[in-house]
Amino acid sequence: MATIKGGEFLIKEIKSEDIFISEEFNEEQKMMKEAVIEFIDREVWPHKERFENKDYALTEEVMRKAGEMGFLGVSIPEQYGGIGMGFVSTMLVTDYISSATGSLGTAFGAHTGIGTMPIFLYGTEAQKNKYLPLLTSGEKFGAYCLTEPGAGSDANSGKTTAELTADGKHYKINGQKMWISNAGFAEIFIVFARIEDDKNITAFILEFDKENPNGVTLGEEEHKLGITSSSTRQVFFSDTLVPIENMLSERGKGFKIALNSLNVGRIKLGAACLDASRRIITESVKYGNERKQFKTAISNFGAIQKKYAEMSAKTFTIDAACYRAAKDIQNMIDDGLASGKSHQDAELAAFQEYAIECAIIKVYASEVSQSVSDEGIQIFGGMGFSKDTPMESAWRDARITRIYEGTNEINRLLTVGMLLKKAMKGEIDVITPATEVGNSLMGIPSFDVPDFSELLSEEKAMIAKLKNAFLMVAGKAVQTYGMELESHQQLILAAAEVMIEVYMAESAILKAEKIAKLTSEEAAECQIAMAKLNLFNAVEKAASMGKEAILYFSEGDEQRMILMGLKRFTKYVNNPNPIALRKTIAAKVIAENKYCF
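So the sequence shown is numbered by the UniProt record's numbering: it starts at 1 and just counts up by one.
Now the structure itself:
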């Protein structure tokens, strides 16, 4: 597989052989997948009602069992108590373990991601040897204390302080943290605090023992819209002593640790939305096949079939992007290890490299999770609004995904911001292709009819045009506003929307093409239909968002010229038939009585 740099998908043609798809799981991964599904069907799905009734003890109990099964340390090397299966396998476990309730999904994500990874990525050998075996086994659980009443998205503005004691052996921590996942049962806290007047915060590892609280008190459990059995509390520190050897990394590196931990959390959150969406579709199809109205099953109605098709196409697209990016990250980790880097440094470099893709997947997957659960309620009708069916809890659980690991607004701004930063550092050349696209607007477009006889060739040409649309909009925005661009947030949001659609649509098209190559075009008919339907929606959105951006930064003849360019870049030669595509997809899931891809 060719190694693609983070963000490079915008300026390169990516081939289906360059991406990994979940259909290529090896035998070990397939066994792990079956083990996690069986675990959820046994330990979680039958107890949905208990999770909805704030049974925090059940969440803790299931997390301990997950530790016994080895699910908490999938990618952590064996020397630290993990099973060393790599990042794709971590994504796989996150995907399937989060499917039945957001309460467990959040507890698992907070523990294995932001609760464990900062120690693995930034800890000393002594810290890793001491804490990682406890965390990977589930003997102790982790929590991540970053957010404060006055420091949410602006994480570096926290007021919690760390002061060196007179004997120089401890730091004394004072302050308050809020929205801390797992706080009710965690015993290892990653705490962020500021030393003196440092510009940036510092991270510490704090061991918490309820019998000897060391100045730590917990607030009551928060009353939340969803994830009701995920423990979420405020944490207060009053002269809490942390040994100096428990500083994580170096003084003032806390903000960097926070940002890089979030990169891992974002892509894993994308995976955590995936099997939940598959299950919602399956439950909706089962219900639609059984529910009779006007003397026929409601799944026979076109209005319901449209929902099944759109839900399936979007879920298929998340699957494509999650495992594509996961394997890119894994490949870079493997390359780093082969070149002599430590596991720690190799992972850190890979997560930083693909930060753009992690943010894209987080935004898209969390919004699909919400729309799929919303449509699930709609298909169930009045019953969907009832707590007796799983739809309303799925909808409530989905809502938080657009807020944590950085709000979707922040993540959208980050995608474009990180790309421009890479361009300015010379890590990726988007200026040359953006200039070429701009110059091409002056030329006469080709009126030759291309040969689209090869499977998905027109769709791949359409992806290339969407990339040009992004480069045109982003290039002109940078040219117009330069360093002031970040103060034009609505413009950046519009550009980000195009960028997100490009990556996600390309992922789905390449996955469908690869499945067709591995099987046959006939066998992959529905996957091809889902990828085409998703691309149709992506083109519509890119045209709308691109236009919004162009109307903002241009006027007169220049505006007319750029709008013509946008029209050229969002125009099919042969328009797809979205209704026919939806019918193909819906017929398959209805016949199978489940999401079957």
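We put the CB at the ideal spot given by N, CA and C, even for glycine.
It should be emphasised that the depicted structure is a prediction, and the values quoted were computed from it without experimental measurement.
Assumed close pair residue i, residue j - CB separation to whole angstroms, cut-off 8 angstroms
i: Ala309; j: Ser98; result: Contact doesn't hold; Cβ gap of about 24 angstroms is too wide.
i: Ile590; j: Val285; result: 6 angstroms
i: Lys314; j: Asp239; result: Going by Cβ atoms, the distance from Lys314 to Asp239 rounds to 50 angstroms, so no, they are not a contact pair.
i: Phe141; j: Ala186; result: 5 angstroms
i: Ile195; j: Glu207; result: That belief does not hold up - the Cβ atoms of Ile195 and Glu207 are roughly 20 angstroms apart, past 8 angstroms.
i: Glu43; j: Lys65; result: 6 angstroms
i: Leu274; j: Asp319; result: 6 angstroms
CB of residue i within 8 angstroms of CB of residue j, strictly
i: Glu283; j: Gly376; result: yes
i: Met332; j: Thr3; result: yes
i: Gly67; j: Leu132; result: no
i: Ile356; j: Met418; result: yes
i: Ala495; j: Val416; result: yes
i: Gly254; j: Thr202; result: yes
i: Ala159; j: Gly175; result: Residue identity check: residue 159 is Lys in the sequence provided, not Ala. Yes, the Cβ-Cβ distance between Lys159 and Gly175 is below 8 angstroms.
i: Ser181; j: Ser230; result: yes
i: Lys268; j: Gly150; result: no
i: Gly336; j: Ala321; result: no
i: Gly105; j: Ala272; result: yes
i: Val264; j: Met117; result: yes
i: Ile463; j: Ile410; result: no
i: Tyr287; j: Phe380; result: yes
i: Gln305; j: Ala586; result: yes
i: Ala512; j: Ala531; result: yes
i: Phe204; j: Asn156; result: no
i: Gln370; j: Arg402; result: yes
i: Asp429; j: Trp395; result: no
i: Met545; j: Val478; result: no
i: Tyr354; j: Ile500; result: no
i: Pro390; j: Lys48; result: yes
i: Thr94; j: Gly73; result: no
i: Leu471; j: Ala434; result: yes
i: Val235; j: Ala183; result: yes
i: Thr480; j: Phe553; result: yes
i: Thr217; j: Lys177; result: no
i: Ile515; j: Arg324; result: no
i: Glu459; j: Leu533; result: no
Beta-bridge pairing of residue i - partner residues as DSSP gives them
i: Val216; result: Phe237
i: Pro243; result: His170
i: Thr232; result: Ser181
i: Lys571; result: Partner(s): none; Lys571 has no beta bridge.
i: Ala297; result: Lys292
Span of the beta strand (DSSP E), counted from its first residue to its last, around residue i
i: Gly475; result: From DSSP, Gly475 is part of no beta strand (DSSP E) but of the alpha helix (DSSP H) over 457-481.
Where the alpha helix (DSSP H) containing residue i begins and where it ends
i: Arg251; result: Note, Arg251: premise wrong, no alpha helix (DSSP H); not H, not E.
i: Pro578; result: 578-592
i: residue 619; result: Here the chain comprises residues numbered 1 to 597, so residue 619 is not present and cannot be evaluated.
i: Arg278; result: 274-290
i: Arg42; result: 27-43
i: Val502; result: 489-518
i: Tyr595; result: No alpha helix (DSSP H) holds Tyr595; DSSP gives it neither H nor E.
i: Pro433; result: 431-440
i: Ser369; result: 355-380
i: Val539; result: 525-553
i: Tyr308; result: 302-338
i: residue 648; result: In the structure as shown, the chain begins at 1 and stops at 597. Residue 648 is therefore absent and cannot be evaluated.
i: Arg50; result: 48-52
i: Lys12; result: Note, Lys12: premise wrong, no alpha helix (DSSP H); not H, not E.
i: Lys421; result: 408-424
i: Arg64; result: 56-68
i: Thr106; result: 102-109
Chain D within 8 angstroms of residue i, Cβ atoms only
i: Met561; result: Absent from the structure: chain D. Only one protein chain is present.
Entirely enclosed beta strand (DSSP E) segments - the segment 122-209, minimum 3 residues: 142-145, 161-164, 170-181, 188-195, 202-207
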